[in-house]
């Protein structure tokens, strides 16, 4: 199993550009989430999904869109990048409630995004 | 308003001694708590967790203690090893399937040989 994979590892954008951060997992996990980590801050939840076709907002959703058309993939879209979106982005997945127990989240290696 | 607080940004301990990392929370709805370890340029990796129905959970060198009345938890690492040097995040969830984790800011642990 590759686990949770994220592409690209690094990206530099200009203000106003759009891009999509890719996230995929091969563990057949129901739940997937996107977090951002900024210096001196913990990870903050952007959006999450409890299954294909279902998404919801987290703590800091503004400026980001998500969709979940398959169990495996959960892309994060920046429609018009701003310098405030310079951050490290982590995707995570977990088995979810069908496991019957509280489950842990598995994180990808991250995407380091710089917006100029 | 920070719901999960890790007030000490860093901790340095001697190899072989105990490391104690503290975490406080304010949200009474949190019922599941996790510790994650993070190396530079990598994603966080799960270390240990505890449900609010317990006050202690142990896994090898790692033990997490939960004091619900004080809204406080701590991670004990005994004995500490140089490979334990990393950033440790405390996280909490108000849902059993923890799809929504709230993280603290993290503590940088340095274990001196």
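Protein chains in written order, with my numbering: chain A, 109 to 224; chain B, 58 to 170.
Each residue gets a CB set at the ideal place from its N, CA and C atoms; glycine is no exception.
Please read these numbers as outputs of a predicted model, since none were measured by experiment.
Same chain only: Cβ atoms within 8 Å of residue i, ignoring 5 sequence neighbours per side
{"i": "residue 121/A", "result": "127, 186, 189, 221, 222, 223, 224"}
{"i": "residue 167/A", "result": "152, 153, 154"}
{"i": "residue 212/A", "result": "202"}
{"i": "residue 224/B", "result": "Here chain B covers residues 58 to 170 and nothing more, so residue 224/B does not appear."}
{"i": "residue 117/A", "result": "217, 218, 219, 220"}
{"i": "residue 157/B", "result": "150, 151"}
{"i": "residue 183/A", "result": "128, 129, 130, 131, 174, 175"}
Chain-order list of residues whose beta-carbon lies under 6 Å from that of residue i (same chain, five-residue window excluded)
{"i": "residue 173/A", "result": "185"}
{"i": "residue 79/B", "result": "131"}
{"i": "residue 162/B", "result": "63"}
{"i": "residue 140/A", "result": "157, 182, 201"}
Which of helix, strand or coil DSSP assigns to residue i
{"i": "residue 188/A", "result": "coil"}
{"i": "residue 193/A", "result": "helix"}
{"i": "residue 134/A", "result": "coil"}
{"i": "residue 218/A", "result": "coil"}
{"i": "residue 73/B", "result": "coil"}
{"i": "residue 164/A", "result": "strand"}
{"i": "residue 140/B", "result": "helix"}
{"i": "residue 107/B", "result": "strand"}
{"i": "residue 96/B", "result": "coil"}
{"i": "residue 224/A", "result": "coil"}
{"i": "residue 208/A", "result": "With a pLDDT of 49 at residue 208/A, under the threshold of 50, the predicted position of this residue should be treated as unreliable, and no value is reported."}
{"i": "residue 113/B", "result": "strand"}
{"i": "residue 121/B", "result": "strand"}
{"i": "residue 117/A", "result": "coil"}
{"i": "residue 87/B", "result": "coil"}
{"i": "residue 140/A", "result": "strand"}
Cβ pair residue i, residue j closer than 8 Å
{"i": "residue 133/A", "j": "residue 112/A", "result": "yes"}
{"i": "residue 119/B", "j": "residue 134/B", "result": "yes"}
{"i": "residue 96/B", "j": "residue 103/B", "result": "no"}
{"i": "residue 214/A", "j": "residue 144/A", "result": "no"}
Candidates the options, of which the one nearest residue i by Cα
{"i": "residue 148/B", "options": "167/B, 139/B, 131/B", "result": "131/B"}
{"i": "residue 168/B", "options": "138/B, 161/B, 146/B", "result": "138/B"}
{"i": "residue 83/B", "options": "151/B, 165/B, 166/B", "result": "151/B"}
{"i": "residue 169/A", "options": "110/A, 116/A, 160/A, 156/A", "result": "156/A"}
{"i": "residue 110/B", "options": "165/B, 140/B, 90/B", "result": "90/B"}
{"i": "residue 146/A", "options": "129/A, 119/A, 195/A", "result": "195/A"}
{"i": "residue 171/A", "options": "149/A, 192/A, 216/A", "result": "192/A"}
- Task: Mind the definition here: the region 102-116 of chain B touches the region 64-71 of chain B only if three or more C-beta pairs lie below 8 Å; say whether that holds.
- Result: no
- Query: Is it a yes or a no for the region 192-202 of chain A touching the region 68-79 of chain B, going by three-plus beta-carbon pairs under 8 Å?
  - Reply: no
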